[in-house]
Amino acid sequence: MKKLLLVIPFIALLSSCDWFKKTSDNNPPKEQSQEASLAAIPAFNGDSAYAFTKAQVDFGPRTPNSSAHDKCADWMTKQLKKWADTVYVQSYTATAFDGLKIKSKNIIASFNPKAKTRVFISSHWDTRPIADEDDHDKDKPIDGADDGAGSTAVAMELARAIHSQKPDIGVDIVLFDSEDYGQPNDSKLPHVENSWCLGSQYWAKNPHVLGYTADFGINLDMVGTADASFVREGISVKYADWVSQYVWNIAARMGYSSLFQSRVYGGVTDDHYYVNEYAHIPTIAVIRYNEEGFGSYHHTHKDVMAIISKETMATVGKVMLETIYQYNADKAVKPSI
Ligand SMILES: [Zn+2]
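Under this note's numbering, the first residue of the sequence shown is numbered 350, with each subsequent residue one higher.
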C-alpha cells in the first residue's frame, strides 16, 4: 500500500456517533448490558497466531507466480476448511504495473453464511517481490513476516476461535492476494494508477457471493510487531468513521488505548480503500502507521520473524473478537445502522 496525503475536513473529525459513546459508558442501557454479559467470547491464542505466522514465513516469500505462494495458498485453504462453514477460493489473473500476469487467489472463509447481519475481517497474504525500501538486495523478495503473514495469521486465528464458539452474526475472513505488487516509487516505467491492492480490487468488483455485502469490514495489515501502534487512519475515517470510532472505543474499554491510539492521522491506500470505493461496504484499516510512517522494516529484509510479537497479535485479535461478538447487541440498541 502507499501513503496518501489526505486533508480531512475538520467537521468530519467533530462528527461522532453518540450511541457508540454510550456503549463505552460505565452504565450502558440495561438490556444491552444483559445481552453483552451473555455473549460468550472465545479465547484468542497468541501462540497459535505466532505459529500461523511462522508457518507462512517458512514457505518462503509468498510472491505470486512462485511455488511458495502456491503451497501457502493450499495450506491456508486446508486450515480454513477445518473451521469455516464454507471456504471460497477465488482464482484470478491480475496484471501488474509492469505488465506481468500474476496468478492470484483470494481465499474467503465464511461463518453463518445465511446470516444477514455480517461483518468481515481481511488481510493480504501475499508478500512484496522486491525490497525497494532496503539499501541492499533491493531486487530480492522479502519474508513479509509482518507485512502479509502476521495479519493473515491473526485472521486465521480468528477463524479458529470463531469455530470454537460461533457468534450470532455472519463473519467472513477474507484473505486478499496480490496487494503488494505495486509500482515502486523509483520505477522508470510510466505511472500506473491503482497498481496496489489488486486482490481487493478484484474482490470488491467480483465478490465471492453475488450481491455480497456486510455491515462493515476491518482490514488488518502489519499488526504483529512489539512496537506497533494504530491511529485512526484517514481513509477509514473518511469512509467509515462510525466503524473506526466503534472499534477504537471497544479497544479503549478493554484497556488497549496505547495500542489503538484515538487520534486521526494521514491516510493509506490499502485494501480497505478499494472495498469502500468499489463495494461500498464501510471498511477501516488497522495498520501499523503513524507520523513516522510504516516502520523502518517496511519493504526491507528486516521484515522477519524476529520482529513478530505474539502479545501484539493477541491484543489485536481480542479487540476483533470483542467487536464481532458485541456487535449484534449494540446493533439492537441502535437498529438504524
Ligand atoms: Zn507491503
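Quick reminder that beta carbons are idealized off the backbone N, C-alpha and C, glycines included.
Can you tell me whether DSSP reads residue 519 as helix, strand or coil?
-> strand
Provide the residue span of the alpha helix (DSSP H) that contains residue 570, from first to last.
-> For residue 570, no alpha helix (DSSP H) segment is defined; the enclosing uninterrupted segment is the beta strand (DSSP E) at 565-570.
Taking the beta strand (DSSP E) that residue 455 falls in, what are its first and last residues?
-> Run containing residue 455: 450-460, per the beta strand (DSSP E) assignment.
Got a sec: does ligand 1 put a non-hydrogen atom nearer than 7 Å to the Cβ of residue 648?
-> yes
Does the separation of the CB atoms of residue 501 and residue 524 fall below 8 Å?
-> yes
Residue nearest to residue 610 in terms of C-alpha spacing, selected from 479, 481, 635 and 426 | 635
Run through DSSP, which three-state label would residue 439 get?
-> Of the three classes helix, strand and coil, the one that applies to residue 439 here is strand, per DSSP.
State the Cα-Cα distance for the pair residue 688 and residue 534, rounded to the nearest angstrom.
-> Nothing about residue 688 can be reported from this structure: the residues present for the chain run from 350 to 686 only.
8 Å Cβ cutoff met for residue 472 and residue 504 = yes
Cut-off 7 Å between Cβ atoms - residues of its own chain near residue 414, not counting five sequence neighbours on either side = 451 and 452
Report back the beta-carbon spacing between residue 649 and residue 491 to the nearest angstrom; my notes put them in contact at under 8 Å.
-> 7 Å
Just mark residue 397 as buried or exposed, buried being the case when its beta carbon has 16 or more other beta carbons within 10 Å.
-> buried
So does residue 492 have its beta carbon nearer than 7 Å to some heavy atom of ligand 1?
-> Not so, every heavy atom of ligand 1 lies at least 7 Å from the Cβ.
Segment limits, alpha helix (DSSP H) that includes residue 582 | Segment 579-582 is the beta strand (DSSP E) holding residue 582; no alpha helix (DSSP H) there.
Using the DSSP secondary-structure output, state which residues sit across from residue 634 in a beta bridge.
-> Beta-bridge pairing links residue 634 to 568.
Residues that residue 467 bridges to, as DSSP identifies them | 519, per the DSSP bridge assignment.
For residue 602, verify whether its CB is less than 7 Å away from any heavy atom of ligand 2.
-> Absence of ligand 2 from the depicted structure is noted, with ligand 1 being the only ligands included.
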